[in-house]
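In this note's numbering, the protein residues as written are 464 to 692.
Right, here's the structure in full:
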């Protein structure tokens with residue numbers, strides 16, 4: 464008869480375990496509502512041992528947020544294959560996967576949580592927004608965006624954030640509909656800007672040429688024409 468021996472975790476392994484446990488708890492409830500005692504219990508260690516690896520809940524929250532922000536930024540990475548509308552729709556599906564999986568934590572971060580307002584937290588949030596911005600520009604094939612295009616892309620990223628927060632508050636609109644709506648929103652913002660600027664108009668025409676008749680952008684155009692008639 465043999466007795467199992469519990470392997471002692473190294474310092475970095477233990478830190479990563481605690482980050483994972485904290486992220487799981489923060490994903491189910493607001494970080495303000497999760498105590499160090501709960502994190503310690505879920506990790507199977509004592510409260511003092513948690514403090515051995517992290518000075519306090521704020522530092523553990525920021526470490527968990529770093530992992531979550533890396534994950535969220537990666538959701539905007541998409542192969543440059545196929546029409547833009549289909550690519551953006553795949554990105555929105557992955558974005559809402561994240562929001563669905565980390566609802567309370569995402570909401571607390573964007574609306575105000577224990578680490579909101581700290582320079583570390585603000586930098587992490589900004590890094591995700593910047594990663595999304597760079598990815599969208601890469602799909603548009605633009606490296607030096609004009610002011611109107613920057614306004615469109617950054618406004619759309621903010622719209623995606625606010626839409627996700629509203630959806631989390633009761634989930635009254637089917638998620639799949641919002642994913643498509645946000646792709647339509649991108650096209651609409653671009654079209655409004657194109658009506659004011661020749662450079663944006665040229666970009667919109669290039670996008671439209673590459674879109675199939677059954678794509679989300681064509682679907683929006685069809686719906687608008689139906690309303691007009």
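We put the beta carbon where it would ideally sit given N, CA and C, even for glycine. For clarity, every value in this text was computed on a predicted model and none was experimentally measured.
Nearest-angstrom beta carbon gap, residue j and residue i [assumed within contact, 8 Å]
i, j, result
"residue 554", "residue 569", "With 8 Å as the limit, residue 554 and residue 569 do not qualify as a contact, their Cβ atoms being about 16 Å apart."
"residue 531", "residue 565", "6 Å"
"residue 573", "residue 624", "6 Å"
"residue 608", "residue 600", "6 Å"
"residue 644", "residue 587", "With 8 Å as the limit, residue 644 and residue 587 do not qualify as a contact, their Cβ atoms being about 27 Å apart."
Distance between residue j and residue i (C-alpha atoms, nearest Å)
i, j, result
"residue 551", "residue 679", "9 Å"
"residue 673", "residue 547", "8 Å"
"residue 485", "residue 512", "14 Å"
"residue 522", "residue 632", "28 Å"
"residue 593", "residue 685", "32 Å"
"residue 465", "residue 534", "Note that residue 465 scores 42 on pLDDT, short of 50, meaning its location in the model is unreliable and no value can be drawn from it."
"residue 676", "residue 549", "12 Å"
"residue 758", "residue 506", "This structure cannot speak to residue 758, because the chain is shown only from 464 to 692."
"residue 483", "residue 556", "23 Å"
"residue 518", "residue 508", "16 Å"
"residue 642", "residue 559", "8 Å"
"residue 636", "residue 562", "14 Å"
"residue 638", "residue 630", "8 Å"
"residue 606", "residue 514", "45 Å"
"residue 649", "residue 619", "6 Å"
"residue 589", "residue 691", "40 Å"
Cutoff 8 Å; reference residue i; Cβ partners in own chain excluding five residues on either side
i, result
"residue 611", "656, 659, 660, 662 and 663"
"residue 653", "615, 663, 666, 667 and 670"
"residue 473", "none"
"residue 617", "592 and 596"
"residue 545", "none"
"residue 602", "541, 543, 547, 550 and 551"
Cβ-heavy atom distance, residue i to the ligand HEM, below 6 Å
i, result
"residue 474", "Questions concerning the ligand HEM fall outside what the structure shown contains, since it holds no ligand whatsoever."
Own chain partners of residue i with C-beta closer than 6 Å, once the 5 adjacent residues on each side are dropped
i, result
"residue 681", "674"
"residue 469", "For residue 469, the predicted model reports a pLDDT of 48, less than 50, meaning its position is unreliable; a value from the coordinates is still stated below. Excluding sequence neighbours, residue 469 sits near nothing in its chain."
"residue 520", "499"
Cutoff 7 Å; reference residue i; Cβ partners in own chain excluding five residues on either side
i, result
"residue 647", "679 and 683"
"residue 510", "499, 500 and 503"
"residue 492", "567"
"residue 477", "516"
List, from N- to C-terminal side, the alpha helix (DSSP H) runs of 4 residues or more that fit wholly inside the stretch 508-582. 510-516, 520-537, 547-564 and 566-574
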